[in-house]
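Following: one structure in structure tokens, then a few remarks.
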Amino acid sequence: MLVRENDRIKVMNKKRMMMVFFVILLLMCLLLFRVAWIQIVKADEYTELAVNQQKGDVPIEAKRGTIFDRNGKELASSATSYHIWLMPAEAKKYYSDSKIADYAEDLAPILSQSRDDILKSFRSKSTIVKLAEYQDKQVVDKVNELGISGISVSSTTKRFYPMGSFASQVLGSVNDDNVGRSGLELEYDQYLSGVSGRWIRNSDINGNPLSFGSDKYYGAEDGLNVTTTLDEVLQHYLEKAVATGMEKTKAARITAVAMDPKTGEILAMTNTPNFDPNKPMEPAKEDKEKFKKMNETEKTEYLSNMWRNAAINDVYEPGSTFKLLTTSVALEEGIAKPDTVLTCRGHENISGVDIFCFDKNVHGSINVKKAVAESCNCIQMQLGANIGAERYFEYMDMFGITRPTGVDYPAEALPVLTDRTNFNPVNMATMYFGQGFSITPIQLVSAVCSIGNDGILMQPHFVRSLENKDGKTVKEFKPTQVRKVMSKETAAEMRDIMEFQVNEGGGRIARIEGVRIGGKTGTSEVVRDGKYTTDTYGSFIAMAPMDDPKIVVLVAVDSPKTVKYGVLAAAPIVKEFLQNGLPYLGVQTKFAESGN
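Just so you know, this note's numbering puts 355 at position 353 of the sequence shown, and the rest follows in order with no gaps.
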């Protein structure tokens with residue numbers, strides 16, 4: 003019995019061993035199959051996955067193009083700058099807390115930060131912390147001299163505006179990603195920004211290159227340079243004159259535009275207050291405390307208004323400066339001649355509404371030329387009535403008053419005009435002398451420029467050409483004729499009327515000895531929230547020299563505190579600008595000859 007039991011146990015053990023053997027054999031077969039599947043069938047796929055895990059894609063930033071004035075003066079450029087990074091865990095491996103505190107003390111004056119703020123960065127649990135951004139090489143060299151483990155430096159480009167607030171609303175600014183935020187920086191961003199490159203390489207965990215895998219370099223394509231129509235010298239003179247006017251009038255804002263009437267090139271444009279595009283997120287000094295108390299929505303609105311270019315982005319009532327256009331239409335249509343005598347009774351009754359002349363003056367019998375010089379509203383209403391609303395609007399179409407000019411600048415404002423499909427007699431009557439509607443300053447300047455260009459309206463523009471980094475012109479923007487709006491003869495008559503206004507009329511304050519200047523004053527009420535206020539717009543538009551116009555300049559003063567009328571608020575600003583600007587343009591004046 004014992005022998006049989008032993009035999010049975012041996013048989014069972016043998017079966018168990020065989021079973022274990024077969025299980026092990028099966029597992030080995032499955033393992034071999036899996037290995038073969040991975041190494042043979044799926045080899046390419048897994049190799050690609052492994053390589054990709056070790057692949058680094060390093061972006062290569064394109065250098066943003068430079069913005070120049072018409073004579074090659076740099077207005078905006080991109081300079082190499084540096085970000086300084088800290089890996090806190092790396093630093094803690096090498097230094098004690100006391101040593102880290104010493105390094106924080108050393109770094110504080112170099113980075114213009116407090117010791118405590120730097121210590122917070124060292125104590126951060128983040129993998130990497132940005133210690134400082136957009137630093138120059140001198141700062142980086144001082145940091146490197148300390149030899150702190152865990153600190154690294156990366157290079158980038160920073161937009162730089164060498165003249166600070168100079169032409170700030172025109173140039174605009176860029177955001178933290180070097181993308182145009184406003185102004186010409188935004189309008190021409192697609193040309194200025196270039197195309198970023200990439201460096202694709204395989205490396206180990208320490209960044210050392212691997213012997214297998216790809217290593218491809220796609221170089222960045224730098225942005226194109228932009229040469230503008232702006233003249234740095236004229237821009238300086240205009241900003242200087244406006245700053246003087248701001249001080250004297252205590253105005254809320256002053257907007258000024260200077261344009262070449264024969265090309266449509268914008269030579270200078272400014273708004274005040276302005277801002278420093280190197281620090282576009284900082285409010286004006288006088289608003290810093292108020293800005294701190296604002297919520298995010300209010301801050302956004304404040305900054306947006308600060309960046310706005312009122313010459314293009316905002317509308318205003320042009321007032322009596324618009325009489326130049328109404329008079330042009332009347333002369334062109336044969337309704338009147340400069341010496342045609344009409345009668346001003348001090349008011350006109352339009353559909354039962356009495357509309358008074360400027361300052362309720364009664365000019366009596368007066369010819370058209372003198373009526374413009376004396377800024378008579380009644381004569382303008384009579385001329386407009388004889389032209390007729392429908393025909394008048396056809397001319398407004400031709401002058402570019404009924405639609406945006408198409409200037410190469412973001413967010414040009416739409417004009418606000420009376421409904422031309424249902425003419426209101428009262429609204430039309432006030433429109434003839436420049437009130438009851440709103441346009442942009444650039445629209446008015448563009449239209450008046452046609453008077454200085456023998457009746458031909460030019461397309462206003464800011465840019466002359468685009469160039470690559472080697473200076474080769476890639477694209478040129480030549481002056482463009484929009485249309486002919488009046489005859490050469492009518493334009494000549496209008497220039498004579500404008501000159502008479504400065505010599506004998508309300509624009510006498512803008513006279514400059516030795517040079518022929520023409521112009522027109524204007525005063526209108528400021529509209530806020532859809533309602534007229536007691537504040538005024540004082541404006542003056544001038545052209546010079548009248549025998550061969552080289553420049554048209556408009557100055558609009560918003561809510562002057564010390565004076566009321568355009569002749570007192572804006573004309574002195576125009577005069578100061580022309581006294582400096584005309585000699586620069588080769589037009590000699592007695593003022594320039596005297597050395598003043």
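Glycine included, C-beta positions come from ideal geometry on N, C-alpha and C.
For E515, count neighbouring Cβ atoms within 10 angstroms of its own Cβ and tell me buried if that reaches 16, exposed if not. exposed
For P562, I'd like the list of residues in its chain whose CB is within less than 6 Å of its CB, leaving aside the five on either flank, ordered along the chain. T251, A253, G540, A571
Take the Cβ of I42 as the centre, count every other Cβ of all protein chains shown within 10 Å, and call the residue buried at 16 or more, exposed below. The residue in question, I42, is exposed, as its Cβ has fewer than 16 Cβ neighbours within 10 Å.
Environment of M496 [buried if 16+ CB atoms lie within 10 Å]: buried
Classify R82 as helix, strand or coil using the three-state DSSP reduction. Just to set this straight, residue 82 is Thr in the shown sequence, not Arg. Note: T82 maps to strand in three-state DSSP.
Touching by the beta-carbon criterion (3+ pairs, under 8 Å), the segment 288-295 and the segment 377-393: no
Measuring alpha carbon to alpha carbon, tell me which residue in E335, T68, E288, S123 is nearest K489. For the record, residue 489 in the displayed sequence is Ser; it is not Lys. The candidate whose alpha carbon is nearest that of S489 is E335.
Whole-angstrom C-beta distance between P443 and A558, which should lie under 8 Å: Approximately 6 Å separates the beta-carbon atoms of A558 and P443; this is inside 8 Å, confirming the contact.
For T159, which option in N177, K287, I112, G508 has the closest C-alpha, if you only look at C-alpha atoms? N177
In this structure, does DSSP put K371 in helix, strand or coil? helix
Beta carbon of V317 nearer than 8 Å to that of T274: Cβ distance not < 8 Å, so V317 and T274 don't count as in contact.
How long is the line joining the alpha carbons of E376 and F360, rounded to whole angstroms? 9 Å
Here's the rule I'm using: 16 or more other beta-carbon atoms within 10 Å means buried, otherwise exposed. How should D191 be labelled? D191 comes out buried.
Between S198 and A544, what straight-line distance do the alpha-carbon atoms span, to the nearest angstrom? So the two alpha carbons sit approximately 46 Å from each other.
Residue nearest to S167 in terms of C-alpha spacing, selected from N297, A338, L77, N227: L77
To which residues does DSSP link H349 through a beta bridge? Its beta-bridge partners are F358.
Rounded C-alpha distance that separates V484 from N470: One Cα belongs to V484, the other to N470, and the distance between them is close to 29 Å.
Touching or not, the segment 68-85 and the segment 225-233, by the rule of three or more beta carbon pairs under 8 Å? yes
Pair every Cβ in the segment 355-372 with every Cβ in the segment 298-313, then say whether three or more of these pairs are closer than 8 Å. no
Look up Y534 in the DSSP assignment and say whether it is helix, strand or coil. Of the three classes helix, strand and coil, the one that applies to Y534 here is strand, per DSSP.
At which residue ranges does the segment 471-500 contain complete beta strand (DSSP E) runs of 3 or more residues, listed in the order of the chain? 475-478, 483-486
Contacts around L269, its chain only, beta-carbon distance under 7 Å, and the 5 residues preceding and following it disregarded: T231, L232, D233, L236, A260, M261, D262, I553
Do the segment 360-370 and the segment 403-410 touch if we need at least three Cβ pairs shorter than 8 Å? no
Option nearest C380 by Cα separation, candidates P417, R422, M400, G436: G436
Using the Cβ count rule (16 or more neighbours within 10 Å means buried), how would you classify G588? Exposed, since its Cβ has fewer than 16 Cβ neighbours within 10 Å.
Using the beta-carbon count (16 or more within 10 Å), is G508 buried or exposed? buried
Pop quiz: I368 and L344 are said to be a contact at Cβ under 8 Å. What is the actual Cβ separation, rounded to whole angstroms? 7 Å
Look at K65 and G225 and say whether their C-beta atoms are less than 8 Å apart. Yes; because the gap between Cβ atoms is below 8 Å, this pair is in contact.
Taking only the alpha-carbon atoms, compute the straight-line gap between F425 and A313 and give it to the nearest angstrom. In a straight line, the C-alpha of F425 is about 28 Å away from that of A313.
In or out: C31 buried (at least 16 other Cβ within 10 Å) or exposed? exposed
Give the straight-line distance between the Cα atoms of R72 and D341, rounded to the nearest whole angstrom. 42 Å
Does DSSP classify D99 as helix, strand or coil? In the three-state reduction of the DSSP assignment, D99 falls in the helix class, which pools H, G and I.
Between the beta-carbon of N280 and the beta-carbon of Q171, is there less than 8 Å? no
Based on DSSP bridge pairs, tell me the residues matched to A260. A270, V555
Please return the same chain residues whose Cβ sits closer than 8 Å to the Cβ of R466, not counting the five positions on each side in sequence. Cβ within range, chain order: R72, T229, T230, T231, E267, E478, F479.
Hey, would you say P462 sits closer than 8 Å to I441, going by beta carbons? No, these two residues do not count as a Cβ contact at 8 Å.
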